[in-house]
Structure formats: structure tokens, C-alpha cells
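S.K.: Structure incoming, see below.
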Amino acid sequence: MVRGYADRFGNVDPAKVFEALEHMRAASILIREIDTYFMTHDLSQLRFLTLILIDREPERTSLAASEIADRLDVSRPVVTRTLQSLELAGLVNVVSSENDARSKEISLTQLGHGKLNEVLPGYFAILHASRSERGAWQCAS
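Residue numbers (UniProt numbering): 1 to 141.
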């Protein structure tokens, strides 16, 4: 199929296309494995990434909701819903900013730190296994 398209459209290297498709398939499988793992811990990728984003700030103990939205490149309404669910689960504290009552400052609770400590070993094991089982793939960085 790819060779047929390559012949039709020219300037297409079928081997490179096949390699890219293999990378996409491996990434899709990895994402499904991670999603399944997160579900067992009552998390989603977005909830996990939000916790990681707050946790990895060495100089700060909180982030504004708008910063989280910008860094995750998701809409503010999506971040608001995510933060509400994390707050309801007791994983984050949401408080009004001292400088601007309209702005919310988000910090991890002890439970939030504990959740990351619980989830990260398995998360890294999945990532490690994906490299071992499927071979190393090169990322353009």
C-alpha cells in the first residue's frame, strides 16, 4: 500500500514511512498500557501530568491554574475540571492567590505526594519495558 502511494506521489521513501508507522504503533500501544495502569490508580494521563507538573517545581510549592493550562497546552476549562477532580480526591489544594483573588494557586497535598510516590515506580517500569521489548526509538529533540 505505501509503495503504491510512494509511486503515485513521488519523493516518498517507503522504508521511512514504514518506520514512522511502526513508531506510531509502538507509541499507541504504550499510551494504552499507561492509560490502563493509571486507571488502576484512579488517575488519567492529564491528572498524572498535572501532579507531576506541580511536583517538579523545585523553587515553588504551588502553580497558578493558568500556568498549568499553559504548560500542559490544554484549555483552561479542561484544567479547571481536572483540578476540581484532583481537589475532590484530596490530591491538591486550590486556594485563591494572595495577589489576585481571581487566580487560583494549586499545591500538592501529602496525599498527592503519596500518590506520585505510589504511581511513579510502575510508570517508569512500563516506560523501561517498552524500550526493552520494542527496542530503542529515536526521538527528534
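We put the CB at the ideal spot given by N, CA and C, even for glycine.
Ile-126 and Glu-33 look like a contact to me (Cβ under 8 Å); what is the Cβ gap, rounded to whole Å?
M.R.: Right, their Cβ atoms sit about 5 Å apart.
S.K.: Which of the three DSSP states is assigned to Leu-91 in this structure?
M.R.: It is coil, neither helix nor strand.
S.K.: Hey, could you find the ends of the alpha helix (DSSP H) Leu-30 is sitting in?
M.R.: Per DSSP, Leu-30 belongs to the alpha helix (DSSP H) from 14–39.
S.K.: Is there contact here, the stretch 76–95 with the stretch 109–118, by at least three beta-carbon pairs under 8 Å?
M.R.: Verdict: yes, contact present.
S.K.: From what residue to what residue does the alpha helix (DSSP H) around Ser-66 run?
M.R.: Its alpha helix (DSSP H) spans residues 65–72.
S.K.: Would Leu-53 and Lys-115 qualify as a contact pair, given that the criterion is a beta-carbon distance under 8 Å?
M.R.: No, Cβ-Cβ distance for Leu-53 and Lys-115 is not below 8 Å.
S.K.: DSSP three-state call for Glu-118: helix, strand or coil?
M.R.: In this structure, Glu-118 counts as helix in the three-state DSSP scheme.
S.K.: What three-state label does DSSP hand Ala-140 in the structure shown?
M.R.: Note that Ala-140 scores 38 on pLDDT, short of 50, meaning its location in the model is unreliable and no value can be drawn from it.
S.K.: Can you tell which of Leu-49, Val-95 and Arg-102 has the C-alpha that lies nearest to the C-alpha of Val-74?
M.R.: Among Leu-49, Val-95 and Arg-102, the Cα nearest to that of Val-74 belongs to Leu-49.
S.K.: I need the straight-line Cα distance from Lys-104 to Leu-72, nearest angstrom please.
M.R.: Near 16 Å, if we compare the C-alpha coordinates of Leu-72 and Lys-104.
S.K.: Quick one, are the C-beta atoms of Ser-85 and Arg-60 less than 8 Å apart?
M.R.: No, the pair does not count as a contact, with Cβ atoms beyond the cut-off.
S.K.: In or out: Phe-38 buried (at least 16 other Cβ within 10 Å) or exposed?
M.R.: With 16 or more other Cβ atoms within 10 Å, it is buried.
S.K.: Using 8 Å as the limit for Cβ to Cβ distance, is Leu-53 near chain C?
M.R.: The question asks about chain C, but that chain is absent: this structure has only one protein chain.
S.K.: Does the distance from the C-beta atom of Ala-65 to that of Val-78 stay below 8 Å?
M.R.: Contact: no.
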